[in-house]
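Let me begin by presenting the structure, written as structure tokens, before commenting on it.
Protein chains in written order, with full-length UniProt numbering: chain A, 1 to 157; chain B, 1 to 157.
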């Protein structure tokens, strides 16, 4: 499995989230041995849980599975730049590397806004690789919001 | 119920967390009607969940109870300055006010480090009141870490 195929799995999770009416973001966590130990999409609406971003759902599942609150040497693949909540959670878990797709100037917390890993207080700074399959990751989000705007418009008319 | 009694309940949750061997932080969420709808302590170790800070545990419980991912007009009381993860989760939930006790220069994400509410990208900025029963909140943490250091020392000897 290469990083492209891990991102493809994250994209499949994003598309499945869209089908559930959730903002389409997907994430995959890979063990130091290269195994996918968790894959998840956004579930905030379905679960009435503002913390149920794809990264958090995957992180909690991977930690529960591994029986630890630390995922040293694990990698996360996610279709969208993590927000400040997710970035800080990933740092708390000591995740090794973050590969993300689309940039998120509006809500991102890695390269934008709170820039969670860029403070002297950051206890742990994962390696970050951005722009992985970025165009495809963006497209999934664009299509979702275009459809939603269309639905709202026809609902209003 | 005044804000002092809500913080006392958060302190009781912090002490209960210490008894479970968790870093003693406690949180309480109060509805717009003034009812305590969730109270929780840190559970990261017990649950093997790096996201199970007191604020997140309380937030998820309050949202599940209310059947929504938004807690507009709700207040959070927490014994320690929220970290970046918790601050961003509280913003996502649109919480109204945050009252916190002890300052956390090392891991805080409100007045320190990522300063989650202090960026143009912050979609929602709760009102923040700090220093509520700060000395008592600090004391609970100090005692916990002093005991733990003592235990480690005697374990080493």
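C-beta atoms are modelled at their ideal positions from N, C-alpha and C, and glycine is treated no differently.
Nonlocal neighbours in the same chain, by C-beta distance under 6 angstroms from residue 98 of chain B, ignoring five residues either side = 76, 126, 128
For residue 207 of chain A, go through chain B and note every residue whose CB falls closer than 7 angstroms to its CB, in chain order.
-> No information on residue 207 of chain A is available, as it lies outside the stretch 1 to 157 that chain A covers here.
Which partner residues does residue 75 of chain A have in the DSSP bridge list?
-> A:30, A:97
Run down chain A in chain order and give the residues with a C-beta less than 7 angstroms from the C-beta of residue 119 of chain B.
-> 113, 114
Under 7 angstroms between C-beta atoms, does residue 44 of chain B make it to chain A?
-> yes
Between A:46, A:21, A:71, which lies nearest to residue 37 of chain A when the distance is taken from Cα to Cα?
-> A:71
Cβ-Cβ separation, residue 51 of chain A to residue 89 of chain B (assumed contact under 8 angstroms), whole Å = 5 angstroms
Taking all protein chains shown into account, decide if residue 49 of chain B is buried (16 or more other Cβ within 10 angstroms of its Cβ) or exposed.
-> buried
Flag residue 125 of chain B as yes if its beta-carbon sits less than 7 angstroms from any beta-carbon of chain A, otherwise no.
-> no
Measure the C-alpha to C-alpha separation of residue 44 of chain A and residue 69 of chain B and round it to an integer number of angstroms.
-> 7 angstroms
Report yes if the C-beta distance between residue 133 of chain A and residue 101 of chain A is below 7 angstroms; otherwise report no.
-> yes
Are residue 110 of chain B and residue 114 of chain A close, meaning C-beta to C-beta below 7 angstroms?
-> no
In the DSSP assignment, find the alpha helix (DSSP H) that holds residue 57 of chain B and state where it starts and stops.
-> 54–66
Does the beta-carbon distance from residue 29 of chain A to residue 62 of chain A come in below 7 angstroms?
-> yes
Would you report the Cα separation of residue 55 of chain B and residue 85 of chain B, rounded to the nearest angstrom?
-> 10 angstroms
Mind checking residue 141 of chain A: buried by the 16 CB within 10 Å criterion, or exposed?
-> buried
Euclidean distance between Cα positions of residue 159 of chain A and residue 53 of chain A = What is shown of chain A runs 1 to 157, which leaves residue 159 of chain A out entirely.
Which first and last residues belong to the alpha helix (DSSP H) in which residue 69 of chain B is found?
-> Here residue 69 of chain B belongs to no alpha helix (DSSP H), and DSSP marks it neither H nor E.
With DSSP collapsed to three states, give me the class of residue 39 of chain A.
-> strand
Is the Cβ-Cβ distance between residue 13 of chain B and residue 41 of chain B less than 7 angstroms?
-> yes
Roughly how many angstroms separate the alpha carbons of residue 157 of chain B and residue 106 of chain B, rounded to a whole number?
-> For residue 157 of chain B, the predicted model reports a pLDDT of 43, less than 50, meaning its position is unreliable and no value from the coordinates is stated.
Could you please give the first and the last residue of the uninterrupted alpha helix (DSSP H) stretch that includes residue 81 of chain A?
-> Segment: none, residue 81 of chain A is in no alpha helix (DSSP H) and carries neither H nor E.
Beta carbon proximity, residue 104 of chain A to chain B, threshold 7 angstroms = no
State yes or no: is the beta carbon of residue 68 of chain B nearer than 7 angstroms to at least one beta carbon in chain A?
-> yes
Pick out whichever of A:46, A:23, A:21, A:27 has its Cα sitting closest to the Cα of residue 6 of chain A.
-> A:27
What residues in its chain sit with their C-beta under 8 angstroms from that of residue 22 of chain A, if we drop five residues either side in the sequence?
-> 41, 42, 43, 44, 45, 46
Which class does residue 140 of chain B belong to by DSSP, given the choice of helix, strand or coil?
-> helix
May I have the straight-line CA-CA distance separating residue 92 of chain A from residue 108 of chain B, to the nearest angstrom?
-> 13 angstroms
Closest by CA to residue 79 of chain B, which one among B:144, B:103, B:64?
-> B:103
Tell me whether residue 120 of chain A is buried or exposed, calling it buried when 16 or more other Cβ atoms sit within 10 Å of its Cβ.
-> exposed
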